Amino acid sequence: MPNLTSLRPLLYIIVFYLIAFWLSLSYWAFRDARERSPSVAFHVFATGISLLLPIFGLFIYMIIRPPLTMAERRALELETAALSEPGGPARELRPCPSCGEPIDSQYVLCPHCKTQFSKLCPRCNKQLKLGWSVCPYCAEEVPLQGSVPTPRIAR
Ligand SMILES: [Zn+2]
Ligand SMILES: [Zn+2]
Numbered sequence: 145m146p147n148l149t150s151l152r153p154l155l156y157i158i159v160f161y162l163i164a165f166w167l168s169l170s171y172w173a174f175r176d177a178r179e180r181s182p183s184v185a186f187h188v189f190a191t192g193i194s195l196l197l198p199i200f201g202l203f204i205y206m207i208i209r210p211p212l213t214m215a216e217r218r219a220l221e222l223e224t225a226a227l228s229e230p231g232g233p234a235r236e237l238r239p240c241p242s243c244g245e246p247i248d249s250q251y252v253l254c255p256h257c258k259t260q261f262s263k264l265c266p267r268c269n270k271q272l273k274l275g276w277s278v279c280p281y282c283a284e285e286v287p288l289q290g291s292v293p294t295p296r297i298a299r
């Protein structure tokens, strides 16, 4: 039968580790709550529940916490704002005059049927009609490319 007193230091170490584990879990809950909510009451709740109910409190907290951190939510909002903004990534679509596929009105040619309907000014990069020999925005002379890839249209 081993002497119980010789086991005591080991017991202290285990208890110490359990307490350290318990405190760091509570601290983690506090930090996590701070990232997910600006409300102080919520921070207190998250820390309190993981202190009062070690481990189980943390599970409860993880079930009811907001699914996204505030930084994630902000990124999502910016993304949605950018998408709905005119001139943003979601540009105006129009059907291609040749094949009818919806294409961006800023395109100079249709990526589906490769019909070219405009060109870009080499100087100011504005969209020009194929027949124009000068840019109306910056007065740059634009060489007329006699035949363009696909001669569609009867004008
Ligand atoms: Zn097309
Ligand atoms: Zn120009």
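Everything in the sequence shown is counted per the numbering used here, starting at 145 for the first residue and increasing by one.
Glycine included, every Cβ here is placed at the ideal spot set by N, Cα and C.
Values in this document were obtained by computation on a predicted structure and should not be read as measured data.
Three or more beta-carbon pairs drawn from the region 254-261 and the region 234-246 are found closer than 8 Å, and the two stretches are therefore classed as touching.
PHE174 sits close to ALA190, with the two beta carbons spaced by under 8 Å.
Taking the Cα of SER249 as reference, the smallest distance to any Cα among PRO266, VAL159, LYS273 is reached at LYS273. By the CB criterion at 8 Å, TYR281 and LYS270 fall inside the cutoff.
Collapsing the DSSP output to three states places ILE199 in coil. Under the three-state reduction of DSSP output, ARG267 falls in the coil class, being neither helix nor strand. In the three-state scheme derived from DSSP, where H, G and I count as helix and E and B as strand, GLU285 is classed as strand.
Taking C-beta separations shorter than 7 Å and ignoring five residues to either side along the sequence, the partners of TYR205 in its chain run ALA173, ALA190, ILE193, SER194, following chain order. Across the structure, SER170 and ILE163 are spaced so that their CA atoms are roughly 11 Å apart. Pairing GLU284 with SER277 gives a Cβ-Cβ distance that is not under 8 Å. Residue state for PRO255 is assigned as coil, using DSSP reduced to three classes. The continuous stretches of alpha helix (DSSP H) do not include LEU237, which lies in the beta strand (DSSP E) extending over residues 237-239. Between ligand 2 and GLU285, a heavy atom-to-CB distance of less than 7 Å is absent. MET214 is not a Cβ neighbour of ARG267, given a cutoff of 8 Å.
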